[in-house]
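A quick write-up on the structure given underneath.
Residue numbers (our numbering): 171 to 339.
Structure, rendered in structure tokens:
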């Protein structure tokens with residue numbers, strides 16, 4: 171058996187110390203990158219939900235829907251717009267959406283392009299009295315991400331607030 175003396179022992183000890191420090195630094199960097207990646211993906215999920223909720227609320231307050239009389243026969247509906255005029259909700263359209271969501275929530279999700287996500291809408295007066303609402307409301311302890319948007323609208327010739335909630339349960 172050969173013994174290592176002097177300079178060879180020093181080189182081996184230096185090499186082991188260098189590799190150890192490098193590995194510690196490398197693991198530290200990996201941990202930071204992993205945390206950054208997790209936060210980035212969580213922020214992306216929230217931003218995607220915000221974008222989708224804004225798109226839904228835009229359709230509700232800026233579009234009459236398609237075809238234009240979809241509220242008379244929801245089987246023909248392709249776009250669930252609620253607004254005969256910009257930022258004015260049509261009473262019949264709001265009632266038709268509420269009825270559709272109460273009877274066939276999955277169809278409403280499909281027409282809004284939000285399969286796999288939960289949704290509700292609420293129309294309130296400016297003094298916060300609920301006029302009508304429909305959909306699935308979040309359970310705050312089981313909700314992963316929740317986005318709630320509020321838009322000022324006219325409803326039955328009075329100022330009101332349209333609230334749109336979207337989340338992944």
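The C-beta atom is built at its ideal place from N, Cα and C for all residues, glycine as well.
Query raised in the report: For residue 253 versus residue 233, is the C-beta spacing smaller than 8 Å?
Result: Residue mapping note: residue 253 aligns to position 83 of the chain shown, counting from 1. Residue mapping note: residue 233 aligns to position 63 of the chain shown, counting from 1. Their beta carbons are under 8 Å apart, which means residue 253 touches residue 233 by this criterion.
**Report entry** Nearest-angstrom Cα separation, counted from residue 285 out to residue 319
**Finding:** Locating residue 319 in the chain shown gives position 149, counting from the first residue. Locating residue 285 in the chain shown gives position 115, counting from the first residue. Between residue 319 and residue 285, the C-alpha separation is close to 19 Å.
Query raised in the report: How close, in whole Å, do the beta carbons of residue 323 and residue 332 come, if the pair is a contact with beta carbons under 8 Å?
Result: Indexing the chain shown from 1 puts residue 323 at position 153. Indexing the chain shown from 1 puts residue 332 at position 162. Rounded, the Cβ-Cβ distance is 5 Å, consistent with contact.
Query - Spatial neighbours of residue 229 in its chain, beta-carbon cut-off 6 Å, leaving aside the 5 residues before and after - result: Along the chain shown, read from residue 1 onward, the residue named residue 229 stands at position 59. Closer than 6 Å at Cβ, skipping near neighbours: 251.
Query raised in the report: Taking one C-beta from the region 268–281 and one from the region 295–309 each time, how about it: are there three or more such pairs within less than 8 Å?
Result: yes
Requested in this report: Assign residue 283 to one of two classes, buried (16 or more other C-beta atoms within 10 Å of its C-beta) or exposed (fewer than that).
Outcome: The sequence position of residue 283 within the chain shown is 113, counting from 1. Answer is exposed; the Cβ neighbour count stays below 16.
Query raised in the report: Does the Cβ-Cβ distance between residue 315 and residue 219 come in under 8 Å?
Result: Along the chain shown, read from residue 1 onward, the residue named residue 315 stands at position 145. Along the chain shown, read from residue 1 onward, the residue named residue 219 stands at position 49. Contact: yes.
Report task. From the DSSP output, read off the bridge partner residues of residue 255. Result -> To locate residue 255, count along the chain shown from 1; it is residue 85. For residue 255, which the question treats as bridged, DSSP gives the partners 258.
Report task. Give the straight-line distance between the Cα atoms of residue 197 and residue 298, rounded to the nearest whole angstrom. Result -> For the purposes of this step, residue 197 is taken as residue 27 along the chain shown, with counting starting at 1. For the purposes of this step, residue 298 is taken as residue 128 along the chain shown, with counting starting at 1. Taking the CA atoms as reference points, residue 197 sits about 53 Å from residue 298.
**Report entry** Sequence-distant residues of the same chain with beta carbon closer than 6 Å to residue 257, five excluded per side
**Finding:** The residue given as residue 257 occupies position 87 in the chain shown. Excluding sequence neighbours, residue 257 sits near 231, 323.
Report task. Thinking residue 249 and residue 302 are a contact (beta carbons under 8 Å), I'd like their distance in whole angstroms, please. Result -> Residue numbering aside, residue 249 sits at position 79 when the chain shown is read from its first letter. Residue numbering aside, residue 302 sits at position 132 when the chain shown is read from its first letter. Distance from residue 249 to residue 302 at the Cβ level is roughly 20 Å; contact not present, criterion being Cβ atoms closer than 8 Å.
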